[in-house]
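Taking it in order: structure first as structure tokens, then the write-up.
Structural data, given as structure tokens:
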């Protein structure tokens, strides 16, 4: 084990033993860094202890702020969103600790219960045994998203710590934010992003059908599924906010998340089928023009994240390969998707037109 | 001079992906090694084509600016004319990037102008250029 990882293991063990004094003989028996944690350093921890005298083993997920990140996000907002969603039918890991004091383990962190025995990888969907479970997984994926759209943000409690836009302003608020990221972080002129942003400003939807809790990164790769294809946890709520339900739907349908099988949304289902499932679960009839707007927006937001990660890799301190991977490869793909969506001579190579 | 650097990068990336990554003790290390191998494939492709794709973009931008039938406002026209009088300082990527950036900044302004002045043919020409530009900068990867 790398000495730095061993030191972190010991520090976490001391912290959790102090934080949970009712658990006796608390030991961290194993720690592994989980690959792909782009916005936080993520570690899987196995712990042993005695609880009420009985020997117990349990897994935890430890997420710590990195020195630099793909997405600049608010850890407290993410943690409180997990707390709000955990009691509902939307499956998420149980949030246990939010530690904002950087003095404890160098940087702020959170701890969640591990949902064991699950996968997140998209390529699995193309090969057995998961290829036979695509319909089953896809059905749950868009049903869960539809049920999230149906929930009242005030009843969920997220209006206590999230800004609440109006139905008229939510689209412009998101556009302004991500256009600002592109303006701030571009290392080279971005004519495709610029054209797409102008199109979005011209074609702004008048009013959202309703407001809901938007996950902000709802896609294949961000949920845990087990070997039976059951979705056990929706992850990565760091971009959660209140907004238009179509925002998450459009993001989930972006061709990027099914690459190279771009005809399948998220590598799972034809886009039309995914929309039908979502409509049935949410009770919302999709306005095709509004969905088209959110689809273009989704590609612009994606581009903003990839441009930002390029900048972070070039000028930041961590030099995590995932920042370069996102920055170089995803920028190229997202640019092609945007041209495909907006060019008057588009042959729709990357996604069929839905509106 | 390193002979055949593109091939060297591909070979080194394959070594990293096929021999070193599987021998790495942690999933995190193996994943990072795999990603670095894929990034080396991108670098190999970029090494081979960097000057060509930038030059192609600049040549097509130049042709598009030279053939303008719609006349944008004087301030933009003057800057386009200045761009057309300019040349690239050398074939170093740094210099090609600088000239490329100048052309792309002008293209962004010209495109915005075309959209608001019903210059539909120009708008179409620009989108077609952007499609070729996006395609020629694409990385060919297995995943």
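Protein chains in written order, with our numbering: chain A, 1 to 355; chain B, 356 to 498.
Even glycine gets a Cβ: it sits at the ideal position worked out from N, Cα and C.
Endpoints, the alpha helix (DSSP H) within which residue i is located
i             : result
residue 450/B : 448-471
residue 48/A  : Counting along the chain, residue 48/A falls outside any alpha helix (DSSP H), though it belongs to the beta strand (DSSP E) covering 41-51.
residue 202/A : 191-202
residue 420/B : 382-421
Under 8 Å between C-beta atoms of residue i and residue j
i             : j             : result
residue 103/A : residue 165/A : no
residue 386/B : residue 32/A  : no
residue 356/A : residue 337/A : Lying outside 1 to 355, the shown extent of chain A, residue 356/A is not represented and no answer is given.
residue 162/A : residue 263/A : no
residue 296/A : residue 196/A : yes
residue 146/A : residue 278/A : yes
residue 185/A : residue 284/A : no
residue 212/A : residue 154/A : no
residue 446/B : residue 406/B : yes
Closest by C-alpha distance to residue i, when choosing among the options
i             : options                       : result
residue 418/B : 406/B, 477/B, 400/B and 362/B : 477/B
residue 139/A : 348/A, 344/A and 271/A        : 271/A
residue 127/A : 325/A, 246/A, 261/A and 328/A : 261/A
residue 86/A  : 233/A, 320/A, 202/A and 26/A  : 233/A
residue 360/B : 368/B, 406/B, 379/B and 402/B : 402/B
residue 495/B : 66/A, 198/A and 333/A         : 333/A
residue 215/A : 246/A, 190/A and 201/A        : 246/A
residue 42/A  : 88/A, 108/A, 268/A and 16/A   : 108/A
residue 45/A  : 176/A, 118/A, 57/A and 292/A  : 57/A
residue 64/A  : 77/A, 100/A and 55/A          : 100/A
residue 368/B : 451/B, 409/B, 433/B and 389/B : 389/B
Min CB distance residue i to chain B below 8 Å
i             : result
residue 70/A  : With a pLDDT of only 47 at residue 70/A, under the threshold of 50, the placement of this residue in the model should not be trusted; the figure read from the coordinates follows. Not an interface residue.
residue 245/A : no
residue 226/A : no
residue 332/A : yes
residue 278/A : no
Min CB distance residue i to chain A below 8 Å
i             : result
residue 472/B : no
residue 314/B : No statement about residue 314/B is possible, as the shown extent of chain B runs from 356 to 498 and does not include it.
residue 479/B : yes
residue 490/B : yes
residue 421/B : no
residue 456/B : yes
residue 339/B : Residue numbering for chain B in the displayed model covers 356 to 498; residue 339/B lies beyond these limits and cannot be assessed.
residue 476/B : no
residue 395/B : no
Contacts around residue i, its chain only, beta-carbon distance under 6 Å, and the 5 residues preceding and following it disregarded
i             : result
residue 23/A  : 49 and 51
residue 111/A : 60, 62, 96 and 97
residue 483/B : none
Proximal residues to residue i (C-beta, below 7 Å), its chain only, five neighbours per side dropped
i             : result
residue 311/A : 185 and 187
residue 309/A : 70, 323, 326 and 327
residue 456/B : none
Continuous beta strand (DSSP E) stretch holding residue i: start and end
i             : result
residue 30/A  : 23-33
residue 56/A  : 54-64
residue 376/B : Counting along the chain, residue 376/B falls outside any beta strand (DSSP E), and DSSP gives it neither H nor E.
residue 115/A : It is not in any beta strand (DSSP E) - residue 115/A carries neither H nor E in the DSSP assignment.
Close Cβ partners of residue i (< 8 Å) along its chain, the five nearest in sequence each way excluded
i             : result
residue 5/A   : 31 and 33
residue 431/B : 461, 464, 465 and 468
residue 397/B : 494 and 496
residue 105/A : 8, 11, 12, 15, 64 and 99
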